[in-house]
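Remarks on the structure that follows.
Protein chains in written order, with this note's numbering: chain W, 596 to 1064; chain C, 204 to 294.
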């Protein structure tokens, strides 16, 4: 899966290339952080491509069914009225990002961002077809030949296939994927479904195949405000200039310290592996997505030279200044900033969890009939009409009993049992009447009670106003 | 190319947010078009809605790009004849 090429000095002449070139040819890298990244590529993509096929109670387990305006996530069904939970989810994501960035820099960018993940997949395909960095650069420099055309066509063909499958999967989260598959097979796909599959597929192909680091450098808002979340104790990919400089190539046998040289052999491999094409030895730059490819690459060079690892490593500004070891760095992970982020995050997650577990599987909206304010019946009773919108948010059908209270003698006319199938809404017109002297003139507070006959725990009391003349 | 990204990309993000907020609160089937209830499918309205939001936001971004040119850029192009000579002139 990954390159076993040794970072050897024969790549030295390429050093001048990165300074003048525009297209970036990231060299494949292996090592601890590359393994982490690949684990996350697998994890996120098995989740993304697989989850939409998982069934749950005769439906798709995770489905954001836009056409029905219902979101299904395993046993939970969300309605537009639940936008509160969407807001909570966004707040949790934001605070997680703050917390992770404060601790470990751009962990999201380097390991889990879809841009990184798909670029990694597309680079792997590119490497399988065109070879690693040097053969790719050579191929691009060649005039067009049958061989070059075949390689390029194969690469773009596979890229487009992956892009389209990604687009199909994406749309499959918004329309049931099994019926979508049927439509694809029978070529009866709706115009908008086909459009969005191609749109998302093309975006994947363009972003991961062509745009790559430009998305991070020019389009990503997060890259621009990341520094707000950094502090001197944030772990970032750092080049140890004090140890590395003065850099320079040397023979392995040379006593470089006696010759006045630092540990950096200036092999430029850290630059070659960089997906955004920067030189980490110039210090922290906003282009750095924190992918740690340079750490893996440099460690391999250090091993070859029999120098200690970690010339480029995760470190903090304070640690560099005060020459802290691993222990002090870890001790500074817990600091007021991260503790505040952490506590707020835990509170919100707990509140959201409690809210979800206490969420009523029944929702009722009461709207007064706009047609008439009240009606006097022949027997002298006063009648008001209401629209009750009853939402069964649960996964089973329920029968509901309606009741009303709040005034002496108030009752529902033509009382009946309301039956609502699972995950459905029903609008019911209800006439309520009460003796004329049962309340004050004007609006009186009354309550509608909706109770499930199948499960007495499911009950909702909703207030309304009753107008008396 | 850079300008194209400046116009199309931020408007794409904002259109996405606007789309989510608008259609969470409003059911497409409750909308009226020229006094008639909208009888397209929800998917169609969502898609058209997104492009409408995108177009409006892109228009705003375009105007921002247009206005943010500094005075030297504007002055050099006041007269069409000047435009080429000044832009072409080396400092």
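For every residue, glycine included, the Cβ atom is placed at its ideal position computed from N, Cα and C.
Q: Would you kindly check if the distance between the Cβ of residue 906(W) and the Cβ of residue 839(W) is under 8 Å?
A: Looking up residue 839(W) in the first chain gives position 244. Looking up residue 906(W) in the first chain gives position 311. Contact flag set, yes.
Q. If you pair each beta-carbon of the segment 636 to 649 of chain W with each one of the segment 897 to 916 of chain W, do three or more pairs fall below 8 Å?
A. no
Q. Given that residue 338(C) touches chain W, what residues does it touch there, using C-beta distances under 9 Å?
A. With chain C covering only 204 through 294, there is no way to say anything about residue 338(C).
(Q) Quick test of your reading: residue 649(W) and residue 937(W), contact by CB under 8 Å. State the CB separation rounded to the nearest angstrom. (A) Taking the first residue of the first chain as 1, we reach residue 649(W) at position 54. Taking the first residue of the first chain as 1, we reach residue 937(W) at position 342. Not really, about 32 Å apart at Cβ, beyond 8 Å.
Q. Taking residue 896(W) as the reference, which of 793(W), 696(W), 690(W) and 845(W) has the closest Cα?
A. Mapped onto the first chain, residue 896(W) falls at position 301. Here the closest residue by C-alpha is 845(W).
Q.
For residue 1065(W), count the other beta carbons within 10 Å of its own beta carbon; 16 or more makes it buried, fewer makes it exposed. Which is it?
A. The displayed coordinates of chain W run from 596 to 1064. Any statement about residue 1065(W) would go beyond what the structure contains.
Q) For residue 925(W), is the classification buried or exposed, using 16 other Cβ atoms within 10 angstroms of its Cβ as the cut-off for buried? A) As a working mapping, residue 925(W) is identified with position 330 in the first chain. So residue 925(W) ends up on the exposed side.
Q: Decide if the segment 245 to 257 of chain C is in contact with the segment 644 to 662 of chain W; the criterion is three or more beta carbon pairs, one per stretch, under 8 Å apart.
A: yes
Q. Can you tell me the Cα-Cα spacing of residue 268(C) and residue 206(C), whole angstroms?
A. Within the second chain, residue 268(C) is the residue found at index 65, counting from 1. Within the second chain, residue 206(C) is the residue found at index 3, counting from 1. The alpha-carbon atoms of residue 268(C) and residue 206(C) are separated by roughly 8 Å.
Q | Residue environment, residue 672(W), which counts as buried when at least 16 other CB atoms sit within 10 Å | A | Counting from one through the first chain, the residue named residue 672(W) turns up at place 77. Label assigned to residue 672(W): buried.
Q: Could you tell me whether the segment 785 to 802 of chain W touches the segment 846 to 855 of chain W, using the rule of 3 or more Cβ pairs below 8 Å?
A: no
Q) Apart from the five residues just before and just after residue 933(W), which ones in its own chain have a Cβ nearer than 7 Å to its Cβ? A) As a first step, residue 933(W) is located in the first chain; it is residue number 338 there, counting from the start. Excluding residues within five positions, the ones whose Cβ falls inside 7 Å are 694, 697 and 698.
Q. For the candidate residues 841(W), 837(W) and 860(W), whose alpha-carbon lies nearest to that of residue 848(W)?
A. The count along the first chain starts at 1 and reaches residue 848(W) at position 253. Residue 860(W) is the option with its Cα nearest to residue 848(W).
Q. Along the chain, where does the alpha helix (DSSP H) that runs through residue 569(W) open and close?
A. Nothing in the structure corresponds to residue 569(W), since chain W is present only between 596 and 1064.
Q.
Which residues does DSSP list as the beta-bridge partners of residue 998(W)?
A. Here residue 998(W) refers to the residue found at position 403 of the first chain. According to DSSP, which records beta bridges pairwise, residue 998(W) is partnered with 1044(W).
Q: In angstroms with no decimal places, state the Cα-to-Cα distance between residue 871(W) and residue 234(C).
A: The residue you call residue 871(W) lines up with position 276 of the first chain. The residue you call residue 234(C) lines up with position 31 of the second chain. The straight-line gap from Cα to Cα measures roughly 46 Å.
Q | residue 665(W): first and last residue of the uninterrupted alpha helix (DSSP H) it sits in | A | The sequence position of residue 665(W) within the first chain is 70, counting from 1. Here residue 665(W) belongs to no alpha helix (DSSP H); instead the beta strand (DSSP E) covers 665 to 668.
Q) Using DSSP with H/G/I as helix, E/B as strand and the rest coil, what is residue 802(W)? A) For the purposes of this step, residue 802(W) is identified with residue 207 of the first chain, where counting begins at 1. Helix at residue 802(W).
Q: To the nearest angstrom, report how far apart residue 966(W) and residue 931(W) are at their CA atoms.
A: Residue mapping note: residue 966(W) aligns to position 371 of the first chain, counting from 1. Residue mapping note: residue 931(W) aligns to position 336 of the first chain, counting from 1. If you take the alpha carbons of residue 966(W) and residue 931(W), they lie about 59 Å apart.
Q | Nearest to residue 954(W) (by Cα), restricted to the options 630(W), 651(W), 670(W) and 836(W) | A | As a working note, residue 954(W) is residue 359 in the first chain. Looking at the Cα atoms, 670(W) is the closest of the given residues.
**Q.** Euclidean distance between Cα positions of residue 254(C) and residue 219(C)
**A.** As a working note, residue 254(C) is residue 51 in the second chain. As a working note, residue 219(C) is residue 16 in the second chain. Rounded to whole angstroms, residue 254(C) to residue 219(C) spans 10 Å at the Cα level.
Q | Nearest neighbour of residue 1099(W), chosen from 1039(W), 618(W) and 986(W) [CA to CA] | A | Residue 1099(W) lies beyond the range of chain W shown here (596 to 1064); nothing can be said about it.
Q.
Please return the same chain residues whose Cβ sits closer than 7 Å to the Cβ of residue 261(C), not counting the five positions on each side in sequence.
A. Within the second chain, the letter at position 58 stands for residue 261(C). These residues qualify, in order along the chain: 210, 211 and 214.
Q | Pairwise C-alpha distance: residue 985(W) and residue 722(W) | A | Counting from 1 along the first chain, the entry for residue 722(W) is found at position 127. Counting from 1 along the first chain, the entry for residue 985(W) is found at position 390. So the alpha carbons of these two residues sit roughly 57 Å apart.
Q. Is the shortest distance between the beta-carbon of residue 249(C) and the beta-carbons of chain W less than 8 Å?
A. As a working note, residue 249(C) is residue 46 in the second chain. Output row for residue 249(C): interface = yes.
**Q.** Spatially closest choice to residue 910(W) from 935(W), 892(W) and 879(W), by CA coordinates
**A.** If you number the first chain from 1, residue 910(W) lands on position 315. Among 935(W), 892(W) and 879(W), the Cα nearest to that of residue 910(W) is on 879(W).
Q.
With a threshold of 6 Å on Cβ separation, who are the neighbours of residue 1061(W) within its own chain once the five nearest residues in sequence on each side are excluded?
A. Position 466 of the first chain, counting from 1, holds the residue named residue 1061(W). Taken in chain order, the residues that qualify are 979, 1039 and 1041.
Q: Assuming residue 868(W) and residue 874(W) form a contact by the criterion Cβ under 8 Å, report the distance between their Cβ atoms to the nearest whole angstrom.
A: The count along the first chain starts at 1 and reaches residue 868(W) at position 273. The count along the first chain starts at 1 and reaches residue 874(W) at position 279. Residue 868(W) to residue 874(W), Cβ: 11 Å. No contact.
Q) Do you know offhand how far residue 597(W)'s Cα is from residue 717(W)'s? A) Mapped onto the first chain, residue 597(W) falls at position 2. Mapped onto the first chain, residue 717(W) falls at position 122. With a pLDDT of 40 at residue 597(W), under the threshold of 50, the modelled position of that residue is not reliable, and the figure given next carries that caveat. Their Cα atoms are separated by approximately 13 Å.
Q. So which residues on chain W does residue 212(C) lean against when the C-beta distance must stay under 7 Å?
A. Along the second chain, read from residue 1 onward, the residue named residue 212(C) stands at position 9. Per Cβ cutoff of 7 Å: 814.
Q. For the alpha helix (DSSP H) that residue 1022(W) lies in, which residues bound it at each end?
A. Start at 1 with the first residue of the first chain, and residue 1022(W) comes out as number 427. Segment 1019 to 1029 is the beta strand (DSSP E) holding residue 1022(W); no alpha helix (DSSP H) there.
Q. Closest to residue 864(W) by CA distance: which of 890(W), 877(W) and 882(W) is it?
A. Position 269 of the first chain, counted from the start, is the residue given in the question as residue 864(W). Per the Cα distances, 890(W).
Q) By how many angstroms is the C-alpha of residue 928(W) removed from the C-alpha of residue 826(W)? A) Indexing the first chain from 1 puts residue 826(W) at position 231. Indexing the first chain from 1 puts residue 928(W) at position 333. Between residue 826(W) and residue 928(W), the C-alpha separation is close to 11 Å.
Q | Unbroken stretches of the alpha helix (DSSP H), 4 residues or longer, contained in the segment 741 to 828 of chain W | A | 741 to 766, 772 to 780, 786 to 800 and 816 to 824
Q: Within the same chain, show all residues whose beta-carbon is closer than 6 Å to that of residue 1026(W), passing over the 5 residues directly before and after it, in chain order.
A: Within the first chain, numbered from 1, the residue matching residue 1026(W) stands at position 431. Once the five neighbours on either side are set aside, the close Cβ partners of residue 1026(W) are 978, 980 and 1008.
Q. CB-CB under 6 Å to residue 969(W), same chain, minus the five flanking residues each way: which ones, in chain order?
A. What you label residue 969(W) is simply residue 374 of the first chain in a count that begins at 1. Within the same chain, residue 969(W) has close Cβ partners 977, 979 and 1062.
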